[in-house]
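Residue numbers (this note's numbering), protein chains in the order written: chain W, 1 to 307; chain D, 1 to 293.
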Amino acid sequence: MLQRLRENKSAQGTLLVLPTIVWMTALLILPLLLTTVISFGRRTADGGVIFSFSLDNYIRLFGYSTKCDNGAASCFDPLYVQILWRSLTLAFNTTVLVILLAYPLAYFIARAHPRQRNTYLFLVLIPLWTNFVIRVYAWIMLLRKEGVINLVLGWLAHLFHIQFTPLEMLYTPGAVLVGMVYEFLPFMILPIFTSLEKIDNSLYEAAADLGANPIKTFLRVTLPLSLPGVVAGTILVFIPVMGTFIVSDILGGRQVILVGNLIQRQFLDARDPTFGSAASLILMILTLIVTYFYTRKFGFGEEIVVA
Amino acid sequence: MNPHRRSPFVLVSTILVYFFLYAPIVVLVLYAFNASKTNILFEGFIPSFGSLRVDSGNVVQSPCGPFHWFCELSKNREVTNAARNTLTIALTATIISTIVGTMAALALQSYNFRLKAFSQVSLYIPIVIPEIVMGIGILILFSQLFGYLNNLFGLAGDSRLGLGLGTVIVSHIAFMIPFVTLVVQARLHGFDKSYEEAAMDLGANEWITFRRVTFPMILPGVLSGALLAFTLSLDDFVITFFTNGPGSTTLPIYVFGLLRRIITPQVNALSTVWISIVFISVLLLQRIQNREG
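In structure tokens, the structure reads:
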């Protein structure tokens with residue numbers, strides 16, 4: 001039998017990949033299928049699940065409500081649609097801001113002297129590898145009423161004899177946006193840097209020789225060639241922002257509810273796993289649609305592996 | 001034309017972005033040495049070494065000197081337990097996922113087999129779906145499975161199956177395998193098959209060829225895959241959040257739980273320790289990479 005295995009290349013390959021297949025099936029494919037099945041189910045009073053085929057959860061998610069102010073049997077409640085829309089726009093805004101902040105820095109590092117490049121990269125890696133929760137916590141220290149930003153502003157106001165009342169920055173949508181941008185900025189810098197680094201210096205020289213000014217060189221040479229990095233970075237930022245609930249939980253308090261918070265609460269506080277499953281599937285489908293159209297337009301960057 | 005010429009716009013925005021990246025971290029570390037117990041205001045540094053004296057809620061003197069909060073941290077049982085859990089999970093999951101992921105990378109690189117497309121797709125899914133989707137999927141799986149088994153065997157009380165270290169480790173491995181496979185595959189991409197063929201021609205069997213030729217050549221890829229897996233596990237919040245149970249709290253989960261209740265300088269001390277470890281590891285890693293190439 002060993003002899004036969006030795007000659008059968010296909011069996012060897014299957015054997016090598018078997019543990020992976022078993023693991024991914026048990027802990028990825030099966031859970032996703034279960035989520036789908038449960039999303040069509042009904043919940044029991046104690047948070048259990050009755051398997052059935054009902055579209056109630058999806059109908060509710062898209063605005064159908066039986067708890068109406070005017071006493072009607074059903075009405076449109078935009079609550080969950082608003083949450084989905086808020087998550088989408090926040091993910092979009094975060095991605096755009098992150099690109100704007102990451103690009104100049106990545107450009108600076110890519111064009112720095114090779115000897116200094118490692119130091120600059122090192123400075124990007126430290127925040128990247130510092131724990132996510134710790135980095136959100138840092139923003140509490142900055143944004144709260146007695147925080148560092150208000151401290152500095154108060155001190156400046158005192159210096160110029162201006163009346164100053166501390167700003168309420170924590171638990172606002174702005175705080176969540178800043179937190180998201182901070183969390184995901186390094187994930188954009190690295191892929192953009194990788195694609196910028198590949199650009200041959202002679203291309204810049206050629207552009208200059210042909211009379212292109214710096215702006216024209218940037219628009220016609222640098223930007224198009226660095227696009228794969230921007231695409232890879234966008235995927236690395238957009239998808240996690242869509243699903244994150246820590247940033248909004250800590251910096252948004254109960255004010256900013258995203259689809260991640262909605263799902264998390266269905267499983268822990270509200271105890272409605274069936275509704276949480278439906279929301280989770282919709283989240284997955286939304287991100288897959290956006291990623292699909294985005295990558296079809298711009299191509300799937302291999303820079304994604306580098307980060 | 002100087003290729004390293006910098007436009008003032010790029011320079012200024014670079015400085016601002018670095019400031020944005022580091023200001024929060026500096027503040028975090030600074031507050032770890034805060035004399036105020038409540039950590040609301042910064043009331044100066046803890047002055048000097050000596051016996052502990054707390055004056056109207058503020059630490060005036062401590063046997064640990066400026067490192068008062070670090071001493072408190074090391075005495076905190078919850079923190080030391082969480083740290084032990086975090087390391088246990090990361091080490092176990094790294095070893096298993098590195099072996100399994102490397103096997104898969106080898107298979108995908110050099111063999112054709114029936115389930116190839118399926119395994120490739122399943123390896124890409126965790127990268128393109130939000131982590132929370134996978135997290136709650138696994139939570140549903142475990143709660144249904146354990147509910148079924150507990151019923152079946154009539155388990156009750158302490159013997160009931162539930163979430164714990166085991167479920168966290170198994171779930172971590174699931175999201176780590178794809179990353180290990182990707183990194184090892186990237187390394188295998190430039191792999192020259194003729195070395196293996198030469199070894200076989202010289203009479204080595206598959207096992208010896210693997211041990212003496214293939215493995216040493218892919219080892220750097222395997223190690224960087226393992227390292228990535230290890231850091232991903234240490235850092236993970238979402239998957240752990242949905243799969244941990246009583247007694248399997250990790251450091252990120254512990255910190256998150258604290259943040260919602262109370263903020264003490266101990267969290268800053270913990271963060272400072274964490275950042276220092278990251279700092280030293282990245283520094284060492286860069287040194288090693290520089291030496292290699």
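Note that the Cβ used here is the ideal one computed from N, Cα and C, for glycine as well.
| Item | Value |
| --- | --- |
| When you compare the region 117-126 of chain D with the region 226-240 of chain D, are there three or more beta-carbon pairs, one atom per stretch, that lie closer than 8 Å? | no |
| Can you find a C-beta in chain W that's less than 9 Å from the C-beta of D:Met200? | no |
| Would you say W:Asp249 lies against chain D (beta-carbon separation less than 9 Å)? | yes |
| Please name the residue or residues paired with W:Ile50 in a DSSP beta bridge. | W:Arg42 |
| Within this structure, are the beta carbons of D:Asp236 and D:Thr250 separated by less than 9 Å? | yes |
| Taking Cβ-Cβ distances shorter than 9 Å, what residues in chain W pair up with D:Phe19? | Residues of chain W passing the Cβ test: none, with the nearest at roughly 11 Å. |
| Got a sec: which bits of the region 220-248 of chain W sit with their beta carbon under 8 Å from any beta carbon on chain D, in order along the chain? | Ile235, Ile239, Pro240, Met242, Gly243, Thr244, Phe245 and Ile246 |
| Mapping the DSSP letters down to three states, classify D:Asn112 as helix, strand or coil. | coil |
| Please name the residue, chosen from W:Arg254, W:Val237 and W:Phe275, that lies closest to W:Thr335 on a Cα-to-Cα basis. | Given a span of 1 to 307 for chain W in the structure shown, any question on residue 335 of chain W remains unanswerable. |
| Using a Cβ distance threshold of 8 Å, determine whether the region 112-123 of chain D contacts the region 21-39 of chain W, with at least three qualifying pairs required. | yes |
| W:Trp139 CB to nearest chain D CB: under 9 Å? | yes |
| Pop quiz: W:Val136 and W:Leu251 are said to be a contact at Cβ under 8 Å. What is the actual Cβ separation, rounded to whole angstroms? | 6 Å |
| Identify each residue in the region 135-151 of chain D for which the Cβ-Cβ distance to at least one residue of chain W is less than 7 Å, and report them in chain order. | Ile136, Gly137, Ile138, Leu139, Ile140, Leu141 and Gln144 |
| Give the interface partners of W:Asn118 over in chain D, defined as CB-CB distance under 9 Å, in chain order. | Gln286, Gln289 and Asn290 |
| What residues in its chain sit with their C-beta under 7 Å from that of D:Gly190, if we drop five residues either side in the sequence? | none |
| Using a Cβ-Cβ cutoff of 7 Å, what residues of the region 214-236 of chain D are near chain C? List them in chain order. | As a matter of chain content, chain C is missing from the structure shown, whose protein chains are W and D. |
| Starting from the beta carbon of W:Lys9, find every residue of chain D whose beta carbon is closer than 9 Å, and list them in chain order. | Ser110, Tyr111, Asn112 and Phe113 |
| Determine the direct distance from the alpha carbon of D:Val27 to that of D:Phe19, and round the result to whole angstroms. | 12 Å |
| Might you give, ordered along the chain, the residues of its own chain that have their beta carbon closer than 8 Å to the beta carbon of D:Met217, omitting 5 neighbours on each side? | Phe191 and Tyr195 |
| Thinking D:Ile239 and D:Glu131 are a contact (beta carbons under 8 Å), I'd like their distance in whole angstroms, please. | 6 Å |
| Residues of chain W with a CB under 7 Å from the CB of D:Phe279: which are they? | Ile126 |
| For chain D, check one thing: does any of its Cβ atoms lie closer than 9 Å to the Cβ of W:Gly260? | yes |
| Report yes if the C-beta distance between D:Ala107 and D:Val180 is below 9 Å; otherwise report no. | no |
| For W:Ala278, I'd like the list of residues in its chain whose CB is within less than 7 Å of its CB, leaving aside the five on either flank, ordered along the chain. | Ser39, Asn57, Tyr58 and Leu61 |
| Please identify, using Cβ separations under 9 Å, the residues of the region 66-93 of chain D that lie next to chain W, in order along the chain. | none |
| For D:Leu139, collect the residues of the same chain with a Cβ closer than 7 Å to its Cβ; drop the 5 residues on either side in sequence, then sort them by chain order. | Phe242 and Thr243 |
| Given a threshold of 16 other Cβ atoms within 10 Å of its Cβ, counted over all protein chains shown, does D:Asn290 qualify as buried or as exposed? | exposed |
| On the DSSP bridge assignment, give the partners of W:Cys75 in chain order. | W:Ser65 |
| Measuring straight from C-alpha to C-alpha, what distance separates D:Ser48 and D:Pro8? | Because D:Ser48 sits at a pLDDT of 47, beneath the cut-off of 50, its placement in the model cannot be relied upon, and the point is left open. |
| Does the region 216-230 of chain W come close enough to the region 96-110 of chain D that 3 or more CB-CB pairs lie under 8 Å? | no |
| Quick check: what's the CA-CA separation for W:Thr309 versus W:Gln266? | An answer regarding residue 309 of chain W cannot be provided, because it is not within the stretch 1 to 307 covered by chain W. |
| Quick check: is the beta carbon of D:Phe9 nearer than 9 Å to any beta carbon in chain W? | yes |
| With a 10 Å radius around its C-beta and 16 neighbouring C-beta atoms as the bar for buried, classify W:Gly71 as buried or exposed. | exposed |
| Please report how far the alpha carbon of D:Ala156 lies from the alpha carbon of D:Gln144, in whole angstroms. | 16 Å |
| Is there at least one Cβ from chain D nearer than 9 Å to W:Ser277's Cβ? | yes |
| In chain W, what lies closer than 7 Å to D:Thr309 by C-beta? | The structure shown has nothing for residue 309 of chain D, since chain D only spans 1 to 293. |
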